[in-house]
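Enquirer: The sequence shown begins at 37 in our numbering and counts up by one. Ideal Cβ placement from N, Cα and C applies to all residues, glycine included.
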Amino acid sequence: MDIHAITLFPEIFDCLQHGLSGKALKTHSTLTTHQLRDFSERPDRRIDDRPFGGGPGMLISAEPVFRAKQHIRKINPNTRFIFTDPKGQLFSQEHARELANEESLTFICGRYEGIDERVYDNDDLIYSIGDYIMTGGELPACTMIDAILRLIPGTIGNPSSHEHESLTRNRLEHPQYTRPAIWRNIAAPTILLSGNHSDIKKWQHHQQLILTWQKRPDLIDRNCLSDDEKRLIKHFIEEQRHVITD
37 MDIHAITLFP EIFDCLQHGL SGKALKTHST LTTHQLRDFS ERPDRRIDDR
87 PFGGGPGMLI SAEPVFRAKQ HIRKINPNTR FIFTDPKGQL FSQEHARELA
137 NEESLTFICG RYEGIDERVY DNDDLIYSIG DYIMTGGELP ACTMIDAILR
187 LIPGTIGNPS SHEHESLTRN RLEHPQYTRP AIWRNIAAPT ILLSGNHSDI
237 KKWQHHQQLI LTWQKRPDLI DRNCLSDDEK RLIKHFIEEQ RHVITD
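1) Starting from the C-beta of G93, find all residues in its chain whose C-beta is less than 7 Å away, skip the five residues before and the five after it, and write them out in chain order.
2) Alpha carbon to alpha carbon, how far is N221 from T248?
3) Express the C-alpha separation of R133 and D74 in angstroms, rounding to a whole number.
4) I218 to A224, Cα distance in whole Å?
5) Mark Q250 as exposed unless 16 or more other C-beta atoms lie within 10 angstroms of its C-beta, in which case mark it buried.
6) Taking 8 Å as the CB-CB limit, is G91 close to chain D?
7) Assuming the contact rule is C-beta atoms closer than 8 Å, L208 and R252 should be a hit. Round their C-beta distance to whole Å, please.
8) Measuring straight from C-alpha to C-alpha, what distance separates G239 and I256?
9) Note down the Cα distance separating G146 from L245, rounded to an integer number of angstroms.
10) DSSP three-state call for G58: helix, strand or coil?
11) Below 8 Å between beta carbons: does that hold for A56 and T191?
12) Around the Cβ of D84, are there at least 16 other Cβ atoms within 10 angstroms (buried) or fewer (exposed)?
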């Protein structure tokens, strides 16, 4: 995959040169950063100005962003432009899976009070990573790039690992344990040591469902639950009521 980042702080993207993302960038993908100031038409390389209508802070001007987009289009006409912006839709694992199939992605990282609205095209993507404000769009872009790169074949040694991760099929991952079996008087679930793979898989599925119900109920589509899953959740809720009343 061909990845570009238009940014005022290219050095922030150095964090992606490590771990699995670094492996991906050494083998099947590339990441090129572009200094936004290089696309300023002003002698002082300034890229911001005061917003019309007043208000605090500065706004990134449309022209340098437009020029940067034109530059990237010459490199790869098929690139998808992605703006990091709090007003965008919340980035999800499903978005990562979709974007991992793209030929080229270009992340445009905002700063200050944002970017002049006129530079957005209809087919541009706008993503947020949460309901909070950061100092710039570089770290959200790095987060999204990391999530995307690890889904591209060749990044993770065992492709089946994706099938058991959190948020796969809208479920959190089940609790995990490793040796020793008893750590500081806390034992791992005995079923995981039983060797009965059928029972283990059933336990893991139940744990995924209950954990998701507890911590991320927004991920569960109640209309898609099987009868067994509905019974399991109902039983869990009844147990919790007994615990509270006791």
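Expert: Considering the structure as presented:
1) The residue you call residue 93 lines up with position 57 of the sequence shown. Close CB contacts of G93 within its chain, under the 7 Å cut and outside five residues either way in sequence, are with Y148 and E149 (chain order).
2) Position 185 of the sequence shown, counted from the start, is the residue given in the question as residue 221. Position 212 of the sequence shown, counted from the start, is the residue given in the question as residue 248. Computed Cα separation, rounded: 27 Å.
3) As a position in the sequence shown, residue 74 is number 38, starting the count at 1. As a position in the sequence shown, residue 133 is number 97, starting the count at 1. Taking the straight line from one Cα to the other gives about 32 Å.
4) Within the sequence shown, residue 218 is the residue found at index 182, counting from 1. Within the sequence shown, residue 224 is the residue found at index 188, counting from 1. For the pair I218 and A224, the Cα-to-Cα distance works out to about 6 Å.
5) Taking the sequence shown and counting its residues from 1, the one referred to as residue 250 is at position 214. When all chains shown are included, Q250 counts as exposed.
6) In the structure shown, chain D cannot be found, because there is only a single protein chain.
7) Position 172 of the sequence shown, counted from the start, is the residue given in the question as residue 208. Position 216 of the sequence shown, counted from the start, is the residue given in the question as residue 252. R252 and L208 do touch by the CB rule: their CB atoms are close to 6 Å apart, below 8 Å.
8) If you number the sequence shown from 1, residue 239 lands on position 203. If you number the sequence shown from 1, residue 256 lands on position 220. The sequence given here places Trp at residue 239; Gly does not occur at that position. One C-alpha to the other measures close to 18 Å.
9) As a position in the sequence shown, residue 146 is number 110, starting the count at 1. As a position in the sequence shown, residue 245 is number 209, starting the count at 1. Looking at the two C-alpha atoms, the distance is approximately 38 Å.
10) Numbered from its first residue, the sequence shown carries residue 58 at position 22. In the structure shown, G58 sits in a helix (DSSP, three-state: H, G or I).
11) Residue mapping note: residue 56 aligns to position 20 of the sequence shown, counting from 1. Residue mapping note: residue 191 aligns to position 155 of the sequence shown, counting from 1. According to the sequence provided, residue 56 is Leu. The question's Ala does not apply to it. At the C-beta level, L56 and T191 come within 8 Å of one another.
12) On the sequence shown, residue 84 is found 48 positions in, with the first residue counted as 1. Answer is buried; the Cβ neighbour count reaches 16.
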